[in-house]
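Asks: Next up is a structure, given as structure tokens.
Number of protein chains: 2
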Amino acid sequence: MGPRDAGGARRRSDAAAGGTPCAACDIRGLSFCAVLSPAELEQLRAITSDMRVEAHRTIVSETDPADHLFNVTGGAVKLYKLLMDGRRQITGFLFPGDFLGVALNDRYVYSAEAITPVSLCRYERTQLEGLLDAFPALEKRLLGITANDLVAAQDQMVLLGRKTAQERVASFLLNLSRRAEDRGHGPDPLHLPMTRADIADYLGLTVETVSRTFSRLRKSGVIVLDGNEWVRLADRAALEELSEGE
Amino acid sequence: MGPRDAGGARRRSDAAAGGTPCAACDIRGLSFCAVLSPAELEQLRAITSDMRVEAHRTIVSETDPADHLFNVTGGAVKLYKLLMDGRRQITGFLFPGDFLGVALNDRYVYSAEAITPVSLCRYERTQLEGLLDAFPALEKRLLGITANDLVAAQDQMVLLGRKTAQERVASFLLNLSRRAEDRGHGPDPLHLPMTRADIADYLGLTVETVSRTFSRLRKSGVIVLDGNEWVRLADRAALEELSEGE
DNA sequence: CGGGACTTTGAGCAAATTCAACCATTGTGG
DNA sequence: CCACAATGGTTGAATTTGCTCAAAGTCCCG
Numbered sequence: 079m080g081p082r083d084a085g086g087a088r089r090r091s092d093a094a095a096g097g098t099p100c101a102a103c104d105i106r107g108l109s110f111c112a113v114l115s116p117a118e119l120e121q122l123r124a125i126t127s128d129m130r131v132e133a134h135r136t137i138v139s140e141t142d143p144a145d146h147l148f149n150v151t152g153g154a155v156k157l158y159k160l161l162m163d164g165r166r167q168i169t170g171f172l173f174p175g176d177f178l179g180v181a182l183n184d185r186y187v188y189s190a191e192a193i194t195p196v197s198l199c200r201y202e203r204t205q206l207e208g209l210l211d212a213f214p215a216l217e218k219r220l221l222g223i224t225a226n227d228l229v230a231a232q233d234q235m236v237l238l239g240r241k242t243a244q245e246r247v248a249s250f251l252l253n254l255s256r257r258a259e260d261r262g263h264g265p266d267p268l269h270l271p272m273t274r275a276d277i278a279d280y281l282g283l284t285v286e287t288v289s290r291t292f293s294r295l296r297k298s299g300v301i302v303l304d305g306n307e308w309v310r311l312a313d314r315a316a317l318e319e320l321s322e323g324e
Numbered sequence: 079m080g081p082r083d084a085g086g087a088r089r090r091s092d093a094a095a096g097g098t099p100c101a102a103c104d105i106r107g108l109s110f111c112a113v114l115s116p117a118e119l120e121q122l123r124a125i126t127s128d129m130r131v132e133a134h135r136t137i138v139s140e141t142d143p144a145d146h147l148f149n150v151t152g153g154a155v156k157l158y159k160l161l162m163d164g165r166r167q168i169t170g171f172l173f174p175g176d177f178l179g180v181a182l183n184d185r186y187v188y189s190a191e192a193i194t195p196v197s198l199c200r201y202e203r204t205q206l207e208g209l210l211d212a213f214p215a216l217e218k219r220l221l222g223i224t225a226n227d228l229v230a231a232q233d234q235m236v237l238l239g240r241k242t243a244q245e246r247v248a249s250f251l252l253n254l255s256r257r258a259e260d261r262g263h264g265p266d267p268l269h270l271p272m273t274r275a276d277i278a279d280y281l282g283l284t285v286e287t288v289s290r291t292f293s294r295l296r297k298s299g300v301i302v303l304d305g306n307e308w309v310r311l312a313d314r315a316a317l318e319e320l321s322e323g324e
């Protein structure tokens with residue numbers, strides 16, 4: 079399956095009237111394109127397509143040719159890998175400003191699925207690579223982003239290899255909360271767009287264990303649940319404690 | 079602790095007589111410097127120090143200022159992170175040709191320790207960064223290496239989050255074997271320079287479980303142990319099967 | 001208001017850990 | 001040269017954490 083299956087994409091330049099220009103993009107500061115000057119941004123925009131994907135649709139599939147790279151501008155995305163017998167490991171969640179498209183040998187190394195309706199900037203890989211050569215700052219930025227992702231992946235290895243269920247959930251909530259803050263959302267009610275099953279597959283646990291752990295944290299007053307999608311981190315200090323500081 | 083503690087380093091150019099020139103470096107093809115022309119290599123060499131580290135010495139420590147970056151030219155290195163209570167997660171093993179020095183906010187994000195005696199090329203971070211600006215190919219290469227490390231980290235997340243003990247050990251052996259082959263070593267007797275405890279901390283298991291799993295694989299004829307440091311992958315197909323192909 | 005997807009809770013189970021003892025290899029000092 | 005300490009590895013028994021299987025309970029959206 080290619081990105082084509084996930085929804086229409088239209089050339090940015092063709093959509094001048096309706097599209098959101100980069101100047102109005104409120105997450106540009108977080109994105110890889112933050113380092114570009116207005117003139118350079120113009121050139122990037124020329125090779126950009128807007129794309130919208132409904133919830134639960136696949137954006138890219140593992141082992142597909144990596145023809146496109148993406149920048150998430152709205153919504154939430156999950157990245158995952160499958161074992162042959164169906165076991166799933168979610169390797170990350172993406173939010174606005176995050177870059178999508180790590181590839182090896184020109185193939186995607188994970189699948190990406192929209193959790194909520196998602197909007198993306200889409201680039202042809204070859205075209206974007208051309209721009210990287212022209213704008214060293216952009217390449218440098220991409221190196222920084224990749225190094226950051228690597229650091230996050232190593233933290234997740236610690237979590238998966240050495241933390242208890244409770245520590246994993248506490249770390250997860252704090253992590254999401256920090257990322258929400260980066261995006262200017264107050265940390266108070268934290269949004270969990272993903273299901274408990276997604277959280278389980280991200281933390282290397284089962285749904286039941288995640289649910290039980292949430293219940294335990296709720297009963298001990300550390301968090302307050304408001305429906306399934308919203309949490310208040312009532313006692314952040316206790317959470318930090320429980321997460322066994324990485 | 080800084081790299082200073084781990085052993086002496088001397089300027090390459092000062093050691094022209096005794097040092098190994100890049101031309102004679104048999105792992106240059108695997109290294110980040112593989113993309114440089116002879117003239118460029120000369121410039122890199124000018125900012126390179128040779129360094130030797132005894133086994134069990136720390137090369138860099140997590141949270142230390144990341145003043146130096148390294149290229150492993152001989153020996154084996156382990157990278158690890160610690161939780162406050164001492165639990166340890168090894169995030170990777172490095173062999174000749176591997177790059178060392180991922181940093182965030184100018185601090186190392188993990189500790190690195192020599193497993194065997196290790197030799198390295200050492201660069202001042204600021205100087206190497208200057209060279210990256212001068213040689214775009216080098217920066218591109220570093221991006222490729224970092225992306226590769228990220229992919230490997232994601233595979234390790236699958237292993238840690240979703241694989242059984244036996245699958246982890248099988249994947250580990252196959253992985254090491256592939257890396258040995260990349261370095262021109264026949265896969266037949268595979269060298270394990272790290273202890274069982276290191277393997278355990280890499281695979282998110284205990285020493286006892288690693289030992290039991292090795293024993294089980296040995297008894298079923300899949301591997302043949304020759305002392306603690308050497309394994310023959312007698313039935314590679316069975317190992318592939320057991321590793322539940324990532 | 002109903003139905004399907006998601007979540008929670010419970011009871012029993014199993015994989016891996018913990019705790020403990022023993023074995024093997026190596027290097028050291030008497 | 002050998003005794004023996006130290007490090008690392010293996011094996012066993014008991015325990016535990018998290019998983020599996022099963023059954024309710026909620027939420028949300030049409």
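Protein chains in written order, with this note's numbering: chain A, 79 to 324; chain B, 79 to 324. Here a beta-carbon is modelled for each residue, glycine too, at the ideal position from N, C-alpha and C.
#1: Would you kindly work out how many angstroms separate the C-alpha atoms of valine 113(A) and serine 321(B), rounded to a whole number?
#2: Look up serine 189(A) in the DSSP assignment and give the residues it is bridged to.
#3: Go through its chain and collect everything with a Cβ distance to glutamine 244(A)'s Cβ below 8 Å, but skip five positions before and after it.
#4: What are the partner residues of leucine 178(A), as DSSP defines its beta bridges?
#5: For leucine 283(A), which residues in the same chain have their Cβ closer than 7 Å to its Cβ, ignoring the five residues on either side in sequence?
#6: Between the alpha carbons of alanine 215(A) and serine 189(B), how many angstroms are there, rounded?
#7: How would you list, in chain order, the residues of chain B whose beta-carbon sits under 8 Å from the beta-carbon of arginine 314(A)?
#8: Looking at aspartate 233(A): is its Cβ nearer than 8 Å to the Cβ of tyrosine 158(A)?
#9: Would you be able to state if there are at least three C-beta pairs under 8 Å between the region 253 to 272 of chain B and the region 179 to 189 of chain A?
#10: Considering Cα atoms alone, identify which of Val288(A), Ala231(A), Arg219(A), Val236(A) is closest to serine 109(A).
#11: Taking a cut of 9 Å between CB atoms, which residues from the region 173 to 191 of chain B lie near chain A?
#12: Taking C-beta pairs closer than 8 Å, name the residues in chain A that alanine 117(B) reaches, listed in chain order.
#13: Start and end of the beta strand (DSSP E) containing isoleucine 137(B)?
#14: According to DSSP, is valine 302(B) part of a helix, a strand, or is it coil?
#15: What three-state label does DSSP hand cysteine 100(A) in the structure shown?
#16: Once the 5 residues before and after leucine 311(A) are set aside, which same chain residues still bring their CB inside 7 Å of it?
#17: Which word fits histidine 134(A), buried or exposed, when buried means at least 16 other C-beta atoms lie within 10 angstroms of its C-beta?
#18: Can you give the Cα-Cα distance for glutamate 202(A) and isoleucine 125(A), rounded to whole angstroms?
#19: If you draw a straight line from the C-alpha of glutamate 132(A) to the C-alpha of threonine 194(A), how long is it?
#20: Going by C-alpha distance, which of Gly164(B), Val155(B), Lys297(B) is nearest phenylalanine 171(B)?
#21: Considering only the beta carbon of each residue, do threonine 152(A) and proline 174(A) sit closer than 8 Å?
#22: Give me the Cα-Cα distance between valine 309(B) and leucine 303(B), rounded to the nearest whole angstrom.
#23: Using the rule of at least 16 other Cβ atoms within 10 Å of the residue's Cβ for burial, across every protein chain shown, is alanine 94(A) buried or exposed?
#24: Check whether chain A comes within 8 Å of leucine 317(B), counting only Cβ atoms and requiring the distance to be less than that.
#25: Helix, strand or coil: how does DSSP classify phenylalanine 171(A) here?
#26: Would the beta-carbon of asparagine 253(A) fall within 8 Å of that of leucine 198(A)?
#27: Kindly indicate if chain A contains any beta-carbon less than 8 Å away from that of methionine 162(B).
#28: Is the beta carbon of leucine 161(A) less than 8 Å from the beta carbon of arginine 240(B)?
#29: Spatial neighbours of arginine 82(A) within its chain, please: CB distance less than 6 Å, with the 5 preceding and 5 following residues excluded, ordered by chain position.
#30: With DSSP as the reference, label glutamate 318(B) as helix, strand or coil.
#31: Check this for me: beta carbons of isoleucine 277(A) and glutamate 191(A), under 8 Å apart or not?
#32: Looking at methionine 235(A) and glutamine 205(B), is the spacing between their C-beta atoms short of 8 Å?
#33: In chain order, what residues of the same chain lie with their CB nearer than 8 Å to the CB of valine 180(B), ignoring the 5 residues before and after it?
#34: Glutamate 322(A) CB to nearest chain B CB: under 8 Å?
#35: Kindly indicate the opening and closing residues of the beta strand (DSSP E) around leucine 108(A).
#36: Taking C-beta to C-beta, are arginine 200(A) and histidine 146(A) nearer than 8 Å?
Replies: Put simply:
#1: 42 Å
#2: Tyr158(A)
#3: Thr291, Arg294, Leu295, Leu320
#4: Phe148(A)
#5: Ala243, Arg246
#6: 29 Å
#7: Within chain B, no residue comes near arginine 314(A); the closest Cβ sits about 17 Å away, beyond 8 Å.
#8: no
#9: no
#10: Arg219(A)
#11: Val180, Ala181, Leu182, Val187, Tyr188
#12: Near alanine 117(B) there are no residues of chain A at all, since even the closest Cβ is about 20 Å away, more than 8 Å.
#13: 136 to 138
#14: strand
#15: helix
#16: Leu251, Ser255, Pro265, Leu268, Ile301, Leu317
#17: exposed
#18: 7 Å
#19: 7 Å
#20: Val155(B)
#21: What sits at residue 152(A) in the sequence shown is glycine, not threonine. Result yes, Cβ atoms of glycine 152(A) and proline 174(A) sit closer than 8 Å.
#22: 5 Å
#23: Any reading at alanine 94(A) needs caution, since the residue's pLDDT is 44, under 50, leaving its predicted position unreliable; the model's value is listed next. Alanine 94(A) should be labelled exposed.
#24: no
#25: strand
#26: no
#27: yes
#28: yes
#29: With a pLDDT of only 41 at arginine 82(A), under the threshold of 50, the placement of this residue in the model should not be trusted; the figure read from the coordinates follows. No residues qualify anywhere along the chain.
#30: helix
#31: no
#32: no
#33: Tyr186, Val187, Tyr188, Thr224, Asp227
#34: yes
#35: Neither: leucine 108(A) is in no beta strand (DSSP E) and is coded neither H nor E.
#36: yes
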